[in-house]
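Enquirer: What follows is a structure written as structure tokens; I'll ask about it next.
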Amino acid sequence: MKLLHADIVYAEDREHLAVHPDSYIAVEDGIVKGIWRKIPEKFRGIPVTDYGDSVLIPAFSDLHVHAPQYLNRGLEMDLLLEDWLNQCTFPMEVQFADPEFAKLVYDAFLDDMIANGTMHACVYGTIHSEATGYLLESMDRRGMRGFVGKINMDRNAREDLLEAPVTAIRETEAFLERYGNNRYTRPILTPRFAPTCTPELIAGIGKLGKKYRVGVQTHLVESRWEAEQARILYPECSCDTEIYERAGLLDNGPVIGGHFIFPSEDDIRILQKHGGYAVQCPDSTISIIAGIMQTGALLDRGVKVGFGSDISAGHHIGVYTQAARSVQLSKLKQFYEPDGNRKISFTEAFWMATKQSGDLFGGTGSLEPGSVFDALVIDGLSDAARKLTPEQTVERFCYIGTKENIRARYMNGELLER
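One rule links them: number in our numbering = place in the sequence shown (from 1) + 1.
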């Protein structure tokens with residue numbers, strides 16, 4: 002049993018923050034047992050870790066991030082999508098054929114992710130099984146809940162990043178068999194996006210999804226070009242999302258649609274039908290000028306929405322920054338396209354970054370009783386002339402905080418070394 006004292010804040014639901022100032026939280030076997038203003042009699046005598054007036058919050062979840070692009074973060078940000086892919090993304094991913102290079106990058110990537118308070122993630126690897134396997138195993142060893150995908154693509158990219166469908170399906174099946182029973186981090190099927198996959202490849206990984214009961218992550222309607230190309234290459238389908246539904250890829254586990262900026266009514270209907278997540282990547286949206294997600298409207302229609310750092314189209318690995326940016330973009334969306342759009346509140350954004358996304362990984366993202374205790378202690382955000390309330394501290398952290406404001410990190414109930 003652990004007892005911690007701090008100001009405690011988490012998203013109770015989409016519209017409300019639960020705020021427990023000057024309170025105690027009990028954690029046993031990595032699970033939150035309760036929060037009290039005074040220590041219950043039954044816990045008297047248990048040592049208390051006292052964080053004073055620092056604020057305890059849930060750790061964050063990143064639902065769309067490209068680990069192999071970690072070395073590209075903050076570089077070539079003046080390029081638009083096509084040039085950026087060809088000049089930065091694909092040349093970097095080719096290098097992950099070298100397992101030693103991959104280990105160096107992936108270790109640094111995971112260290113930085115945790116340092117910035119992200120403890121759960123849906124991660125894209127590359128086509129390279131050995132390198133992607135190292136990434137998955139490294140996350141699992143650290144106790145990070147998540148999904149890692151070996152990318153599948155067999156057309157419309159440089160030749161050294163394509164696999165013949167039969168090879169891609171064979172390698173993907175071996176990947177699923179090897180890592181499917183891991184404790185914390187597991188495989189997820191990862192067709193990069195529809196224009197890079199032939200019908201043969203999509204059908205093949207659809208069969209793997211059914212056989213191994215594993216979910217799918219991909220880029221969905223990220224751009225008008227992608228949506229149009231999907232309809233051209235798959236004329237039997239009404240929209241991007243239907244391609245994956247017809248292949249049986251949406252029935253077997255989590256469904257994670259990166260970006261979801263230009264969905265048709267059919268895209269929205271299909272994603273909702275299968276309980277899928279639409280993932281907003283605010284910094285990425287700004288960098289590649291793809292468009293702004295209709296976040297408020299999607300939430301109002303009951304679509305699950307989470308955030309992705311989208312390293313390295315996004316330049317900051319901290320999901321807390323994406324929560325702030327999402328609020329800003331929602332105001333722009335409402336201002337320029339007022340019909341059917343609305344700004345979101347900070348509470349909604351924080352809920353999406355923690356509890357809404359944490360549900361995907363099994364009871365994380367909250368500090369209510371029964372939650373997995375993945376948590377951060379933040380401080381150093383008040384001014385000498387203005388003492389912030391706990392909820393103000395959380396908001397300021399998301400807007401101007403850094404990893405230096407994270408005083409302590411807990412994963413599965415255990416304090417992590419700095």
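Quick reminder that beta carbons are idealized off the backbone N, C-alpha and C, glycines included.
Does the segment 333–352 touch the segment 16–29, meaning 3 or more C-beta pairs lie closer than 8 Å?
Expert: Touching, yes.
Enquirer: To the nearest angstrom, how far is the alpha carbon of I115 from that of I58?
Expert: Here the question's residue 115 lines up with position 114 in the sequence shown. Here the question's residue 58 lines up with position 57 in the sequence shown. Each residue's alpha carbon lies about 14 Å from the other.
Enquirer: Just list the beta strand (DSSP E) runs in the segment 325–384, keeping only unbroken ones of 3 residues or longer that don't cross its boundaries, in chain order.
Expert: Whole beta strand (DSSP E) segments, 3+ residues: 376–379.
Enquirer: For the beta strand (DSSP E) that C89 lies in, which residues bound it at each end?
Expert: To locate residue 89, count along the sequence shown from 1; it is residue 88. Unbroken run through C89: none, as it is neither H nor E.
Enquirer: Looking only at its own chain, which residues have a Cβ that is under 6 Å from the Cβ of L251, when we skip the five neighbours before and after it?
Expert: In the sequence shown, residue 251 corresponds to position 250, counting from 1. Around L251: Y245 and H275.
Enquirer: Excluding the 5 residues preceding and the 5 following D380 in the sequence, name in chain order all residues of the same chain whose CB lies nearer than 6 Å to its CB.
Expert: For the purposes of this step, residue 380 is taken as the residue at position 379 of the sequence shown. Closer than 6 Å at the Cβ level, and outside the excluded window around D380, lie S55 and R408.
Enquirer: Apply the 10 Å Cβ neighbour rule to V320 and answer buried if 16 or more other Cβ atoms are within range, or exposed otherwise.
Expert: The residue labelled residue 320 in the question sits at position 319 within the sequence shown. Answer is buried; the Cβ neighbour count reaches 16.
Enquirer: Can you give the Cα-Cα distance for V33 and R184, rounded to whole angstroms?
Expert: Within the sequence shown, the letter at position 32 stands for residue 33. Within the sequence shown, the letter at position 183 stands for residue 184. Near 20 Å, if we compare the C-alpha coordinates of R184 and V33.
Enquirer: Can the beta-carbon of T191 be found less than 7 Å from the beta-carbon of Q218?
Expert: Taking the sequence shown and counting its residues from 1, one reaches residue 191 at position 190. Taking the sequence shown and counting its residues from 1, one reaches residue 218 at position 217. Yes. Within cutoff.
Enquirer: With a Cβ-Cβ cutoff of 7 Å, do N406 and L382 count as a contact?
Expert: The residue given as residue 406 occupies position 405 in the sequence shown. The residue given as residue 382 occupies position 381 in the sequence shown. In this structure, L382 lies closer than 7 Å to N406 by Cβ.
Enquirer: Alpha carbon to alpha carbon, how far is T127 from P69? Give it in angstroms, no decimals.
Expert: Within the sequence shown, numbered from 1, the residue matching residue 69 stands at position 68. Within the sequence shown, numbered from 1, the residue matching residue 127 stands at position 126. Rounded to whole angstroms, P69 to T127 spans 7 Å at the Cα level.
Enquirer: Do G207 and G249 come within 7 Å of each other at the CB atom, strictly closer than that value?
Expert: The count along the sequence shown starts at 1 and reaches residue 249 at position 248. The count along the sequence shown starts at 1 and reaches residue 207 at position 206. Contact flag set, yes.
Enquirer: Would a C-beta distance cut-off of 7 Å place R343 and Q335 closer than the cut-off?
Expert: Along the sequence shown, one-based indexing puts residue 343 at 342. Along the sequence shown, one-based indexing puts residue 335 at 334. Yes; because the gap between Cβ atoms is below 7 Å, this pair is in contact.
Enquirer: Let's see if you can read the secondary structure: which residues bound the alpha helix (DSSP H) around K3?
Expert: Walking along the sequence shown from the start, residue 3 turns up at place 2. First-last for K3: K3 to D14, but that is the beta strand (DSSP E), not the alpha helix (DSSP H).
Enquirer: Is the beta carbon of I312 closer than 7 Å to that of H67?
Expert: Stepping through the sequence shown from its first residue, residue 67 is reached at position 66. Stepping through the sequence shown from its first residue, residue 312 is reached at position 311. In this structure, I312 lies closer than 7 Å to H67 by Cβ.
Enquirer: Between G258 and A279, how many whole angstroms is the CB-CB distance? I'm expecting something under 8 Å.
Expert: Reading the sequence shown from its first residue, position 257 is the one you call residue 258. Reading the sequence shown from its first residue, position 278 is the one you call residue 279. At roughly 5 Å, the Cβ-Cβ gap stays under 8 Å, so G258 and A279 are in contact.
Enquirer: Report the three-state DSSP secondary structure of R247 (helix, strand or coil).
Expert: Walking along the sequence shown from the start, residue 247 turns up at place 246. Looking at R247 - three-state DSSP - the assignment turns out to be helix.
Enquirer: Closer than 6 Å: is that where the CB of G381 sits relative to any heavy atom of the ligand COA?
Expert: Ligands displayed in this structure: none; no statement on the ligand COA is therefore possible.
Enquirer: Between which two residues does the alpha helix (DSSP H) containing M78 stretch?
Expert: Locating residue 78 in the sequence shown gives position 77, where the first residue counts as 1. Neither: M78 is in no alpha helix (DSSP H) and is coded neither H nor E.
Enquirer: Could you tell me the distance, in whole angstroms, from the CA atom of E131 to the CA atom of T242?
Expert: Numbered from its first residue, the sequence shown carries residue 131 at position 130. Numbered from its first residue, the sequence shown carries residue 242 at position 241. Each residue's Cα considered, the two are about 29 Å apart.
Enquirer: DSSP state of D54, grouped into three classes?
Expert: The count along the sequence shown starts at 1 and reaches residue 54 at position 53. In the structure shown, D54 sits in a strand (DSSP, three-state: E or B).
Enquirer: Are K356 and A12 closer than 7 Å when you measure CB to CB?
Expert: Here residue 356 refers to the residue found at position 355 when the sequence shown is read from its first residue. Here residue 12 refers to the residue found at position 11 when the sequence shown is read from its first residue. Yes, the Cβ-Cβ distance between K356 and A12 is below 7 Å.
Enquirer: In this structure, how does DSSP classify T197 when only helix, strand and coil are distinguished?
Expert: As a first step, residue 197 must be located in the sequence shown, where it is residue number 196. Of the three classes helix, strand and coil, the one that applies to T197 here is helix, per DSSP.
Enquirer: Contact defined as beta carbons within less than 8 Å: I believe V395 pairs with Y52. What is the distance between those atoms, to the nearest angstrom?
Expert: Within the sequence shown, residue 395 is the residue found at index 394, counting from 1. Within the sequence shown, residue 52 is the residue found at index 51, counting from 1. Actually they are not in contact, since the Cβ atoms of V395 and Y52 sit about 14 Å apart, beyond 8 Å.
Enquirer: Taking 7 Å as the cut-off, decide whether the C-beta atoms of N153 and V215 are in contact.
Expert: Position 152 of the sequence shown, counting from 1, holds the residue named residue 153. Position 214 of the sequence shown, counting from 1, holds the residue named residue 215. Result no, Cβ atoms of N153 and V215 do not sit closer than 7 Å.
Enquirer: Does the contact criterion of 3 or more C-beta pairs under 8 Å hold for the segment 99–112 versus the segment 136–144?
Expert: These segments touch.
Enquirer: Assuming W85 and E77 are in contact, meaning their beta carbons sit under 8 Å apart, how far apart are those beta carbons, in whole angstroms?
Expert: Taking the first residue of the sequence shown as position 1, residue 85 is located at position 84. Taking the first residue of the sequence shown as position 1, residue 77 is located at position 76. With 8 Å as the limit, W85 and E77 qualify as a contact, their Cβ atoms being about 6 Å apart.
Enquirer: May I have the straight-line CA-CA distance separating L333 from G31, to the nearest angstrom?
Expert: Translated into positions along the sequence shown, residue 333 becomes position 332. Translated into positions along the sequence shown, residue 31 becomes position 30. Taking the straight line joining both Cα atoms gives about 41 Å.
Enquirer: Grouping DSSP H, G and I as helix and E and B as strand, with all else coil, what is Y235?
Expert: Position 234 of the sequence shown holds residue 235. Of the three classes helix, strand and coil, the one that applies to Y235 here is coil, per DSSP.
Enquirer: Quick one: grab the DSSP three-state call for Q281.
Expert: Within the sequence shown, residue 281 is the residue found at index 280, counting from 1. Note: Q281 maps to strand in three-state DSSP.
Enquirer: Work out the CA separation of I271 and S265 for me, nearest whole Å.
Expert: As a working mapping, residue 265 is identified with position 264 in the sequence shown. As a working mapping, residue 271 is identified with position 270 in the sequence shown. Near 10 Å, if we compare the C-alpha coordinates of I271 and S265.
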